[in-house]
Structures are given as structure tokens and as C-alpha cells.
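The structure appears right after this line, and notes come after that.
There are 2 protein chains.
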Amino acid sequence: MKLYSFFNSSTSFRVRIALALKGLPYDYAGVNLRGGEQGKDAYRALSPAGIVPVLVDGDVTLTQSLAIIDYLDQRYPAPRLVPEDALARARALEIAQTIACEIHPINNIRVLKYLTGKLDVSEADKAAWYQHWVDEGLGAVESLLAKLPASAYCVGDAPTLADCCLVPQVANALRMGCDLSRFARVRAVYEHCMAQPAFIQAAPQNQPDYVA
Amino acid sequence: MKLYSFFNSSTSFRVRIALALKGLPYDYAGVNLRGGEQGKDAYRALSPAGIVPVLVDGDVTLTQSLAIIDYLDQRYPAPRLVPEDALARARALEIAQTIACEIHPINNIRVLKYLTGKLDVSEADKAAWYQHWVDEGLGAVESLLAKLPASAYCVGDAPTLADCCLVPQVANALRMGCDLSRFARVRAVYEHCMAQPAFIQAAPQNQPDYVA
Chain A
1 MKLYSFFNSS TSFRVRIALA LKGLPYDYAG VNLRGGEQGK DAYRALSPAG
51 IVPVLVDGDV TLTQSLAIID YLDQRYPAPR LVPEDALARA RALEIAQTIA
101 CEIHPINNIR VLKYLTGKLD VSEADKAAWY QHWVDEGLGA VESLLAKLPA
151 SAYCVGDAPT LADCCLVPQV ANALRMGCDL SRFARVRAVY EHCMAQPAFI
201 QAAPQNQPDY VA
Chain B
1 MKLYSFFNSS TSFRVRIALA LKGLPYDYAG VNLRGGEQGK DAYRALSPAG
51 IVPVLVDGDV TLTQSLAIID YLDQRYPAPR LVPEDALARA RALEIAQTIA
101 CEIHPINNIR VLKYLTGKLD VSEADKAAWY QHWVDEGLGA VESLLAKLPA
151 SAYCVGDAPT LADCCLVPQV ANALRMGCDL SRFARVRAVY EHCMAQPAFI
201 QAAPQNQPDY VA
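Protein chains in written order, with the UniProt record's numbering: chain A, 1 to 212; chain B, 1 to 212.
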């Protein structure tokens, strides 16, 4: 398998966590988002939206991190990241989709570039925008977690798709200097996960294309 | 079952299509997004993010349209909307996630309100923003569809999760006056679906809370 990834991309980080949890080896292809590599024709042939990550597994070329993790779960089921139990599954997907739809896309680098470029938004207003969507989104995740039994992970006693999404989103928010003090349970899951080998292996600073 | 929905919400429309395709009866609870009902405490208790739709099925209260459709598919499997075949499943999820993550959140009403309110963006710049993300996102969907065998639906010869996402997004884009002339295959799927009874039943103008 081959993964097209950017070290600081949180959607790439999601898939790297899934691959590490499953113990699957893969070739790492760094895509330099800062250099605009994702917009070039050769890359658009793999990823029509010009985004990371892309997984290539034999004949299959697949985009969209959550579709990739579901595919990995079907093809390499141990350990399961999308729970089989109907309710656990619904909760894991609910949290994953809240992060993937309510936070990440709005704070994505290409959206921030549109704000500061075409709309001439100031750096201070950009930072407020970022914090606003983190507050809204992680606030919702915190409330969803509060309805579930206490656990070191989001749902149940093992990592799921929800943790694959939560950890990179929190890492991004911390890197951007966001205040996460309101989100105790979110932070506790993040800290527990980031002490586990698979999450450490998948972290931005441990990727071949990492630049400090 | 009870569905909290707003007639013009494309994420609500997704779930209404799924319920109609499965022939499941439900109570319709209109949530007036224009009147700010989604931000009130009573509604936030159901939906921590203050968004539609919410499905209540017995003891289960669930947010996030794609999590809801997966839940319905687990609990009421006929007809399957998330394909069982691994590759068809991956393609359906890839298209659904492209729409759910690359288009909808960025053009969502609360984001547009932030632009025109807090950031004082003009109506013309807001319209250009909307068209930009529709172009990027539906352009990617068109390319993904072009890689698949010709069909009246997105993936295979029956409706899937991908069609549940594509149809409401195209309906939104048409309502906002976007130019979709580049997206022939996207438009063909939309037109085919919108001639089917389940899609018609789920359409905004056929909901109890519809206002012209």
C-alpha cells in the first residue's frame, strides 16, 4: 500500500493512525501542501479534489479519510475501528462526522487562504474564525462524550474511528494556540491516545516529510 | 421514529431520502432554522452542535446525517444504502464524504452568516465564495463519477448513500443560482433521482414546514 500524505494534514493523520493501529506497512509519499503540489495535474489524477490523503492499495485508489478508514476496516478487519455493535457504531460515526463536517472543513488551510487572500481578512479575524469553529465543534463533541460511559477512548474501551478523528483535530487546535480548557473529556482522550505507540507513530513529527 | 428537520436543510434532505427509500414511516418535527430554533437550550439537548437533522428511534437520539443513514442501514437494511461489496462501498462513501466534507460545511448557512455578519463580506463576495466551493467540490465528484461505469445513479444500478448526498447538494446549488453546466454526469444523476418517488417525497417543497 501507498499513502499520499502531508505530515501536518489532520486528515492524513487520521489515516496514519488507522494504519498504525492495524499494524499495516505502507510506502509514504509526502505531498507538499505548502509548495502547492496538491494542485498539480499529476496529483489531481489521483485526487480530483486536490487534497490529501490518498490511499493506493493494488488497483484501488481512494480519497477521503473516512472512506479510506472504512475500506481498511473492511479489508483488514483486525482491530475493528468502525464498531460492529449498532449503537457503538452509531456513536463512533456521530463523533467522527461531527469533527469531519463541523470543524475540519471550515478551518482547512484552503479555506483560511481564501479568507486572507480573496476576502482580505486580517490575521486576527482569521484566528477568531478558527477558534470559533473549534469552540462550536469540540463543544459538541464534549457534549456527545458526556452522554457516554467514562472511558479512556471516545467510545468503548478501545480506539475507534472517533479517536482517529479527535486526536488530529485536537493536535491542530493546540498548534494553532486554541483554548481547549472547556473540553476536559476531549483533552483526556487526546492525552491518553497520544501516549499509545500507534498514535505516536502516526504523529506529524514522526513522518518522513516533517519540517519543524 | 421522529425526525427533526428543516425543509431547506440539505443534511435533513439526505436523511429524508434514506427514510423514503426504505419506506420507513416517521413523525416530522420541523426546526425553524430561520427563526433560530436550533440554538435554543431545548434543541441543544437533542443536538449539541445545534444543527439538523436529529433522528430519535426509541431510546436512541442521533445526530449527523451520515451517521444516521448508516444507523438506519444497520437497523432497517432493506434496501441497503451503504453497499456491502467492498469496492462499491468505498466508492459510495468517497462520493458522500466529498460532498459532506468538501462542499456542504463551507457553504452552510451558519458559515455564510459569519462571513456577512462578523466579517462584513458583501453579498457578491458571498455568492462568489458559494460558487467557488460548489465548483471545487462538484468538480471532484464529476471526476470521481467519470471513473465509474455509466449508470443512472452514482454507484451501481440502485440508489446509495452517495445519491442521498448528491441530490440535496445539487438542489441547493440550483436554488443559489450556481452554474452547473460543467457537471454533466452530476446533473444526469440528479435529474434521474428527482424523477423517483422517494426523492420527490423527500424534497423540500413536500415537507410540512415548507415555506415558499
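Cβ coordinates follow ideal geometry from the N, Cα and C atoms, glycine included.
On a predicted model such as this, the values are computed, not experimentally measured, just so you know.
The alpha helix (DSSP H) enclosing residue i, as first and last residue numbers
i                 : result
Leu-55 of chain A : Careful: Leu-55 of chain A lies outside any alpha helix (DSSP H), inside the beta strand (DSSP E) at 54-57.
Tyr-43 of chain A : 41-46
N-terminal and C-terminal residue of the beta strand (DSSP E) that residue i is part of
i                 : result
Asp-27 of chain A : 27-30
Leu-3 of chain B  : 2-5
Leu-62 of chain A : 60-63
8 Å Cβ cutoff met for residue i and residue j
i                      : j                  : result
Val-52 of chain A      : Tyr-4 of chain A   : yes
Ala-18 of chain B      : Cys-101 of chain A : no
Tyr-28 of chain A      : Gln-207 of chain A : yes
Tyr-190 of chain B     : Leu-166 of chain B : yes
Asn-32 of chain B      : Phe-13 of chain B  : no
Tyr-76 of chain A      : Leu-62 of chain A  : no
Ile-95 of chain A      : Pro-105 of chain B : no
Ala-152 of chain B     : His-192 of chain B : yes
Gln-74 of chain B      : Arg-89 of chain A  : yes
Leu-180 of chain B     : Leu-138 of chain B : yes
Ala-20 of chain A      : Gln-205 of chain A : no
Glu-142 of chain B     : Arg-185 of chain B : yes
Met-1 of chain A       : Asp-59 of chain A  : no
Thr-98 of chain B      : Leu-144 of chain B : yes
residue 213 of chain B : Ala-140 of chain A : In this structure chain B extends from 1 to 212, so residue 213 of chain B is not present and cannot be described.
Ala-121 of chain A     : Cys-178 of chain A : It should be pointed out that residue 121 of chain A corresponds to Val in this sequence rather than to Ala. Cβ distance not < 8 Å, so Val-121 of chain A and Cys-178 of chain A don't count as in contact.
Cys-164 of chain B     : Ile-68 of chain B  : no
Pro-79 of chain A      : Ala-158 of chain A : yes
Leu-161 of chain B     : Leu-93 of chain B  : yes
Asp-209 of chain B     : Gly-35 of chain B  : no
Ser-10 of chain A      : Pro-197 of chain A : no
Lys-126 of chain A     : Leu-148 of chain A : no
Neighbour flag for residue i against chain A, beta carbons, 8 Å
i                  : result
Ala-184 of chain B : no
Glu-102 of chain B : yes
Gly-139 of chain B : yes
Leu-46 of chain B  : no
Leu-62 of chain B  : yes
Gln-131 of chain B : no
Tyr-71 of chain B  : yes
Leu-119 of chain B : yes
Ala-86 of chain B  : yes
Ala-42 of chain B  : no
Ala-49 of chain B  : yes
Thr-98 of chain B  : yes
Ser-12 of chain B  : no
Val-111 of chain B : yes
Ala-212 of chain B : no
Glu-191 of chain B : no
Any chain B beta carbon closer than 8 Å to residue i
i                  : result
Asp-135 of chain A : no
Pro-79 of chain A  : no
Asp-209 of chain A : no
Gln-169 of chain A : no
Asp-179 of chain A : no
Ala-124 of chain A : no
Ala-173 of chain A : no
Ser-9 of chain A   : no
Ile-17 of chain A  : no
Pro-149 of chain A : no
Ile-106 of chain A : yes
Leu-144 of chain A : yes
Ala-90 of chain A  : yes
Leu-93 of chain A  : yes
Where residue i sits in the DSSP three-state scheme
i                 : result
Tyr-76 of chain A : coil
Ser-12 of chain A : helix
Ala-20 of chain A : helix
Ala-67 of chain A : helix
Gly-35 of chain A : helix
The ligand NAP heavy atom lying under 7 Å from the CB of residue i
i                 : result
Val-60 of chain A : Although the ligand NAP was asked about, the structure shown includes no ligands whatsoever.
Enumerate, from N- to C-terminal direction, the unbroken alpha helix (DSSP H) stretches of 4 or more residues contained entirely within the UniProt domain "GST C-terminal" (85-212) of chain B.
86-102, 109-116, 123-146, 161-175, 184-193, 197-202
Beta carbons nearer than 7 Å to chain E: which residues of the segment 23-39 of chain A have them?
Absence of chain E from the displayed structure is noted, the protein chains being A and B.
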